[in-house]
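Sequential numbering from -2 applies to the sequence shown in the numbering used here. Heads up, the beta-carbon is just placed ideally off N, CA and C, and yes, glycines get one too. For reference, the structure is listed below as structure tokens.
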Amino acid sequence: MFWTLIKILFFVAVVIGLAYGAGQVMDSGQTVGLQIFDMEFVLGPMQALIALVAALVALWLVLKLLGLSVAVLRFMNGDETAIRRFFTRNREKRGLDALLSSMIAQAEGDGKAAIAKAEKAHKLLNRPVMTSLLIAQSAEMKGNTDLAITHYKALLDDNRSRFVGVQGLIRAKLDAGDTEKARALAVKALEMQPAHERTQNTLLDLQTAAEDWGGARKTLMVKKSSGHLPRDIWRRRDAVLALQEADKLAAKGELGRAREAAIEANRLSPDLVPAAVQAAQALVAQGKTRYAAGAIRKAWKAQPHPELAAAFAAIEKDESPTQRLSRFGKLLKLHPDAAETRLLKAELLIAAEDFPAARRALGDLYETAPTVRALTIMAAIERGEGSDDAVVRGWLARALTAPRGPQWVCDKCQHVHASWQAICENCNAFDTLTWRDVPDSSGPSATQSELLPLIVGSLPGPDKPKPEDTQEQVVEAEVEAEDGEPRKAG
Ligand SMILES: [Zn+2]
-2 MFWTLIKILF FVAVVIGLAY GAGQVMDSGQ TVGLQIFDME FVLGPMQALI ALVAALVALW
58 LVLKLLGLSV AVLRFMNGDE TAIRRFFTRN REKRGLDALL SSMIAQAEGD GKAAIAKAEK
118 AHKLLNRPVM TSLLIAQSAE MKGNTDLAIT HYKALLDDNR SRFVGVQGLI RAKLDAGDTE
178 KARALAVKAL EMQPAHERTQ NTLLDLQTAA EDWGGARKTL MVKKSSGHLP RDIWRRRDAV
238 LALQEADKLA AKGELGRARE AAIEANRLSP DLVPAAVQAA QALVAQGKTR YAAGAIRKAW
298 KAQPHPELAA AFAAIEKDES PTQRLSRFGK LLKLHPDAAE TRLLKAELLI AAEDFPAARR
358 ALGDLYETAP TVRALTIMAA IERGEGSDDA VVRGWLARAL TAPRGPQWVC DKCQHVHASW
418 QAICENCNAF DTLTWRDVPD SSGPSATQSE LLPLIVGSLP GPDKPKPEDT QEQVVEAEVE
478 AEDGEPRKAG
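In structure tokens form, the structure reads like this:
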């Protein structure tokens, strides 16, 4: 600022000085005599000034020509820099033109021209970061992975472009199907910029696909910390990942750690049905049956579910049907009108051989929601009450073609799963399964295989069993269903 002011003042002073000088010369009326060889000139004041300026211009031209002659002489003596400097400007201009053409070709979607122009700019301009980036992007657009990798690697040398280079390499490795390398690069990229959301998502997808649950949980934590994931969603997803970790540990035979992971999953998301089921199993294995029952009740409060009922039954293995019925009392009180509660109550009463009470518990579900399970329960009640075999078979025949009721359905692709999975079998989406009705019940059946023992038991063979035997078989089948592994949807 100060310097600018000084310059302006100096300029004004020079102009005033010149004007004053010119005025003095004009006013003096003096002439200038000039003798060149034999000729003699007499110049007026104005003419003298013009002659002076012309002489100065001539001198400047002579000096310039001298400079070029010296450059040429030095070039002829083997010094190229002088001439090269003379042409550098021209080269830079052509380089920038090529750069622009490449960018335009890229925007137009012409990958081939974009690469050619970018390579030309790369040769002409001494800006490797800029031109390498342009070549890499053009090559990526054209699908020339090798060229893209070469130039993305070149970007790793410069601090400014290292992150974008790693990003490009991740994409190139993914295109080539090398997910292992892509995952390792994504870990590095996230270390460089932990808050970069796209890198977080890429890494999370890769870790989930590679079943690196521990790594995925860390990435999820980074995502939450950088504000890209609401706390409740983080808890739910972290619970799902912990559950997957538990499965993996159990498969490796590390049962202790597997149990801890399952309990952790349940702590993070008490409503998550599979977490509650696995946590209850883990707690029972640790001898903490009261905690196990508490975990199931909490999840049941959020949503009644047959797998929760099965896990709750498994807490006490050696109890009579009557004892079981009374132990389930607290659970059944939580959502007394829910279809799941009514079905469960009816099943428990059938096991306790109280068929009229089972009929009351079921109510009109066989009409309002005639699912496979409701109709099968009706068949069991009819048989328990000693109805005609034809009546029993009638219910079972209806059950065979009835809707299957709620299932684990992927919210993204509507694929129906026989059991809960963290990753959709069909579209590989993460944590998209919800327990709900499917309008179209065709597809793999989770229940029909379970129906078979009942149906076979009900069919009168050549040596027809006595009615009491038949009843006992039903009761046994029901008790087994309660005691066994988590009952599939039905
Ligand atoms: Zn899906």
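Which of helix, strand or coil does DSSP assign to residue i?
i	result
Q418	coil
F72	helix
Q21	helix
F325	coil
K92	This sequence places Gly at residue 92; Lys is not what is there. Looking at G92 - three-state DSSP - the assignment turns out to be helix.
E382	coil
N123	coil
K493	The chain is shown from -2 up to 487; residue 493 falls before or after that span and cannot be answered.
P367	coil
L226	coil
A192	coil
K463	In this prediction, K463 has a pLDDT of 39, which is less than 50 and means its spatial position is unreliable; what the coordinates show is noted afterwards. K463 falls in the coil class under three-state DSSP.
A307	helix
P271	helix
E177	helix
N156	coil
G106	coil
A113	helix
P400	coil
A299	helix
D361	coil
G140	coil
D391	Residue identity differs from the one stated: residue 391 is Gly in this sequence, not Asp. DSSP places G391 in helix when its eight states are reduced to three.
Q241	helix
K314	coil
K285	coil
S266	coil
Might you give, ordered along the chain, the residues of its own chain that have their beta carbon closer than 7 Å to the beta carbon of residue i, omitting 5 neighbours on each side?
i	result
T429	C407, D408, K409 and C421
R433	P403 and V406
W297	L305, L328 and L331
I293	A273, A277, L305, A308 and F309
A41	Per the sequence presented here, residue 41 reads as Gly, with Ala not at that position. If we look at G41 and ignore the five residues flanking it on each side, its Cβ neighbours are T28.
S135	S99, Q103, G108, A111, I112 and A115
E379	V388, V389 and W392
A95	K114, K117, A118 and L121
V39	T28 and G30
Name the DSSP bridge partner or partners of residue i?
i	result
G30	V39
W405	H414 and W432
F502	Because residue 502 is not part of the residues shown, which for the chain are -2 to 487, the question remains open.
On a CA-only basis, which of the options is nearest residue i? Give me that one, please.
i	options	result
L372	Y363, L240 and D107	Y363
V369	E337, L200 and T142	E337
N123	S266, L217, F325 and G92	G92
S99	K139, T85, M73 and L49	K139
A186	V389, S158 and P227	S158
V163	L121, M189 and V9	M189
L269	V59, Q418, F7 and N74	Q418
L226	A192, K150, A111 and A426	A192
A169	N156, Y149, R234 and L153	Y149
V219	D143, E194 and L203	E194
G253	A183, F352, A282 and A151	A282
S416	P303, L359 and S317	P303
Apart from the five residues just before and just after residue i, which ones in its own chain have a Cβ nearer than 6 Å to its Cβ?
i	result
L322	L345 and A349
P301	H332, A335, E337 and T338
A51	none
D172	T142
K295	P267
E465	Only weak support is given to the placement of E465: the predicted model assigns it a pLDDT of 41, under 50, and the question is left unresolved by the model.
L456	With a pLDDT of only 38 at L456, under the threshold of 50, the placement of this residue in the model should not be trusted, and no figure is reported.
L144	A136
What does the Cβ neighbour count give for residue i, buried or exposed, with the cut at 16 atoms within 10 Å?
i	result
W0	exposed
Q86	The amino acid occupying residue 86 in the given sequence is Arg; Gln does not appear at that position. When all chains shown are included, R86 counts as exposed.
R357	exposed
I347	buried
L166	buried
G381	buried
L280	buried
N263	buried
I230	exposed
Apart from the five residues on each side of it in sequence, which residues of its chain come closer than 8 Å, Cβ to Cβ, to residue i?
i	result
P367	R395, A399 and P400
A258	A239, L240, E242, A243 and L246
L265	R232, R233, D235, A236, A239 and A272
A10	none
G250	none
Taking 7 Å as the cut-off, is the CB of residue i close to at least one heavy atom of ligand 2?
i	result
A426	Among the ligands modelled here, namely ligand 1, ligand 2 does not occur.
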